[in-house]
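Here is the structure we will look at.
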Amino acid sequence: MTKKKSIQAAVAGGAAGLINGFFGGGGGMLLVPLLSRWLDLGDRKAFATSVAVILPLCALSSAIYLLRGGLELSSALPYLLGGALGGILGGKLFKHMNMLWLRRGFALLILYAGVRTAFFV
Amino acid sequence: MAAFFAGLITGILSGFGVGGGTLLLIYMTTFAGIPQNLAQGINLVYFLPTAALALPAHIKNGFIERSVLLPAIFTGLLGTASAAWIATGLEVELLHRLFGGFLIYVGISELFRKPSIPQDDSSGTSDSPLK
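Written as structure tokens, this is what we have:
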């Protein structure tokens, strides 16, 4: 990888880290478009690589939330179990998905929730 | 039980890398009535097994771009530590509204983003007409 690409990867990772720590998630939504745009990764590589980058970030930020945020692990348990099963399925199904429609459906859902969260609930 | 299924469905998306965590955050804060700061903490913990279990398939399929990992993770750790520190000291209501603003931004930019050319895509889905 060229020096320029390394720096771009570092900037993308840093930005994803900020979002990940601040909102407790969503880092991948920033990282995926940056990886595909700056580093010319195809969609599929950008998504999968993003999972690998975000995982260690979550390990660190969840430790901080545990220390400072009053987070109880017991309340996370049911989500954890479902998530673990979903993760396995997601990994296996991934190569069969149509990424374009997946992203569009996702974008609409996010937009709806964003308006609700910012202005209503 | 509802929490389990919410985790399951968003977990599939998280495994893809599509933002399952974001959806789970929305579920927890909007539908399950969990305060923003707690939901964020749960979400981070939730991603650990979810991502760890999705990764082997991605590695096997050759979808991980290894050269990106070191620089991105290094700065990512710095970023996430400082942001997590700030967020955990913030007013919950403010955090919630900021999260809403973030969602609007992401939704709009995703909706209007042009699909990239899938150089690594060999599975025959139609990401791009150029292929």
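So the sequences go chain by chain: X and F.
Read in order, the letters of the first sequence correspond to residues 119 to 239 in this note's numbering.
Read in order, the letters of the second sequence correspond to residues 593 to 723 in this note's numbering.
We put the CB at the ideal spot given by N, CA and C, even for glycine.
This one's a predicted model, so the numbers in the text were calculated from it and none came from an experiment.
A distance of 7 Å or more separates the beta carbons of L670 of chain F and A202 of chain X.
Cβ-Cβ separation between G599 of chain F and G209 of chain X: approximately 15 Å, too far for a contact (criterion under 8 Å). For T672 of chain F, the uninterrupted alpha helix (DSSP H) run begins and ends at 658 to 679, by DSSP.
The criterion of a C-beta distance shorter than 7 Å is not satisfied by G693 of chain F and I228 of chain X. The region 622 to 633 of chain F makes no contact with the region 215 to 230 of chain X; the number of CB pairs closer than 8 Å stays below 3. If you check each beta-carbon in the region 122 to 134 of chain X against every beta-carbon of chain F, the ones closer than 9 Å belong to K123, S124, I125, Q126, A127, A128, V129, A130, G131, G132, A133, A134.
For F238 of chain X, there is no enclosing alpha helix (DSSP H), as DSSP gives it neither H nor E. Residues of chain F whose Cβ lies closer than 8 Å to the Cβ of S179 of chain X are, in chain order, L636, T672, A673, A675, A676. Here Q632 of chain F really is in contact with G143 of chain X; their C-beta atoms are around 7 Å apart, less than 8 Å. In this structure, I634 of chain F keeps its C-beta atom at 7 Å or more from the C-beta atom of A166 of chain X. A direct Cα-to-Cα measurement between V171 of chain X and F237 of chain X gives close to 32 Å.
One alpha carbon belongs to I137 of chain X, the other to T672 of chain F, and they sit about 7 Å apart. DSSP, reduced to helix, strand and coil, places T120 of chain X outside both helices and strands of the structure shown, so it counts as coil.
Residue state for E683 of chain F is assigned as coil, using DSSP reduced to three classes.
With fewer than 16 other Cβ atoms inside 10 Å of its own Cβ, N216 of chain X counts as exposed. No Cβ-Cβ contact shorter than 7 Å links L159 of chain X with E702 of chain F. Bounds of the alpha helix (DSSP H) holding T167 of chain X are 161 to 186. The Cβ of P627 of chain F sits no closer than 7 Å to any Cβ of chain X.
Taking a 10 Å sphere around the C-beta of T120 of chain X, we find fewer than 16 other C-beta atoms and assign the residue as exposed. When 8 Å is used as the limit between beta carbons, S193 of chain X is near these residues of chain F: I626, L630, I634, in chain order.
In the three-state DSSP reduction, A598 of chain F falls in the helix class (H, G or I).
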